Every structure is written in structure tokens, then in C-alpha cells.
Amino acid sequence: MKTFIDWLDDRLGVLEFYQKHIAYPLPESFSFWHVFGGLTIGCISIQFITGFYMIMYYIPEPDMAHESIRSMCNNTDFGALFRNVHRWSATLGAVFLIIHAGHIMARRAFRPPRELNWWAGLLLGSLFVLFLITGIILPWDWRSYWELIIWADWLKVIPVVGGTLTDILLGNFSLGLSYAIHIILLPVLIFFVLAIHIILFRRIGMSDRV
2 MKTFIDWLDD RLGVLEFYQK HIAYPLPESF SFWHVFGGLT IGCISIQFIT GFYMIMYYIP
62 EPDMAHESIR SMCNNTDFGA LFRNVHRWSA TLGAVFLIIH AGHIMARRAF RPPRELNWWA
122 GLLLGSLFVL FLITGIILPW DWRSYWELII WADWLKVIPV VGGTLTDILL GNFSLGLSYA
182 IHIILLPVLI FFVLAIHIIL FRRIGMSDRV
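Below, the structure written as C-alpha cells:
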């Protein structure tokens, strides 16, 4: 294996690229809890891959959405597998994100000079929650309907803007709009904010013990 890597490095300079753009020093306090940020990124990557497969079969129409998902799961190769992997990677991604944020708070790694990366992470988490909400709505079954009502009730409690946000969500809701937000707007925003998050992380590095 080492011979192959040396051969590849002589021709492509992969080790130099790795040392310059990928490798970074780890703090002495590096532990199991540091991996959850990377696991969250892994779950987001799985979401993109499995979601691209599901786009080919999903129909964003109220009377056809649920049936198109059922047909994909029952009548296409690996359809049920892709849907379940998509769903469980979203759930695990949310869990990993919470653990990652809790670890950052426990280590107080949100303090200068990392405060900008902390805010980028909070924005990324908010976008991930919107990803979950719009994804839950797309099957358009009874669970989707009640999830929409529950999220609308939660929005109502936000001071000043809560009522307006609820009216926007329910008054202008359409399955096609939710679908467009889920597969176009949110992926672009998440990719952009995640890139900023990673660039800042690479520039500043991991925090050591408080």
C-alpha cells in the first residue's frame, strides 16, 4: 500500500495536497466528543446523495406525493433503502448536531477568536432544522399535516414576528413551494454556510482545554 501511495504521490503530489489542504494539528485534549461535527457533515452528505435519488421519483403534488413515495419504495430498485437511509441520516444528523453544539458550549469554544464560526454553526443548525421541517412535509400524509400545524403553533410564540411568520407559513403554503425550498434553496444555503464554517475552522483550528 505504501508503495502505491508513493507511486501516486510522485505523479500527482497527493501527500503534499493532503498536508497543505486536509491535515491539521489536533489539540492534546482531542477526544471522542470532537468527532460529532464531522459526523454531522457526513449525515448531510448522505442526505444529498440519497435525496438526489429520490428526486427522480417524487411528484410534488398533494394528490400524488404520498403515492409517488410509496411507489418508489415498492416498485424501484433500492427505493425503500434510499428513503430509509435518507430519513435516518436526517435523524442522526440532528442528534449529532445537538451533541456537537453541546460540546462546543461545554468547552466554551464559542469565545474569541472563534465567535464568528460559532454564529456560522448556529445558522447552519437553523438551516438544518428547516431542512427537517420541509422534508417531513413532503410525503403529505397525516403525519406531514400535523407536523405543519405543530410547527405553526411553535412559530406563534415568537415575540413580535410570530403571528406574521405563522400567516406566511399557513397562508401561502403549497407543497410545490416546500419542495422547491427543500431541494434548491436550502441545499445552496447549507453548502455556502458549511463552506464558511469549514474554512473558519481550518483557519483557526480546534480549541484546546478551557
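Numbering-wise (this note's numbering), the sequence shown opens with residue 2 and increments by one. In this text, a Cβ means the ideal position worked out from N, Cα and C, and glycines have one as well. Note that the structure is predicted; figures quoted are calculated from it, not measured.
Contact between leucine 190 and leucine 128 holds, with the beta-carbon distance rounding to 6 angstroms and staying under 8 angstroms. Counting other Cβ atoms within 10 Å of its Cβ, tryptophan 141 reaches 16 or more and is therefore classed as buried. Boundaries of the alpha helix (DSSP H) around tyrosine 180: 176-181. Contact between histidine 104 and leucine 139 is absent: CB atoms are separated by about 31 angstroms, not below the 8 angstroms threshold.
Measuring C-alpha to C-alpha distances from leucine 117 to each of Val15, Arg204, Pro160, Phe18 identifies Arg204 as the nearest.
Under the Cβ criterion (8 angstroms, minimum of three pairs), the segment 41-61 does not count as touching the segment 2-20.
Contact between glutamine 48 and histidine 87 holds: their C-beta atoms lie close to 6 angstroms from each other, under 8 angstroms. If you draw a straight line from the Cα of leucine 40 to the Cα of tryptophan 89, it is about 13 angstroms long. Within the segment 87-167, the complete alpha helix (DSSP H) segments at least 4 residues long are 116-138, 143-157, listed from N- to C-terminus. Cβ contact annotation for isoleucine 197 (same chain, cutoff 6 angstroms, sequence separation greater than five): Ala121, in chain order. For tyrosine 58, the three-state secondary structure derived from DSSP is coil. Straight-line spacing of the CA atoms in methionine 106 and alanine 181 works out to 34 angstroms.
When the beta-carbon positions are compared, phenylalanine 97 and phenylalanine 37 come within less than 7 angstroms of each other. Serine 46 sits in a helix when the DSSP states are folded into three classes.
Rounded to the nearest whole angstrom, the C-alpha separation of leucine 156 and glutamate 17 is 50 angstroms. Within the same chain, Trp152 come within 6 angstroms of isoleucine 134 by CB-CB distance, once the 5 residues on both sides are set aside. Taking each of Ala24, Ile42, Trp119 in turn and checking the Cα distance to leucine 93, the smallest one comes out for Ile42. Under the 10 Å beta carbon count, proline 61 is surrounded by 16 or more other beta carbons and is classified as buried. Annotation for phenylalanine 192: the continuous alpha helix (DSSP H) segment containing it runs 187-205.
Of Pro63, Ile150, Ile50, Leu131, the smallest CA-CA separation from alanine 95 is found for Leu131. If you draw a 10 Å sphere on the C-beta of valine 158, you find fewer than 16 other C-beta atoms in it, and that means exposed. The alpha-carbon of alanine 24 is positioned some 44 angstroms away from that of alanine 66.
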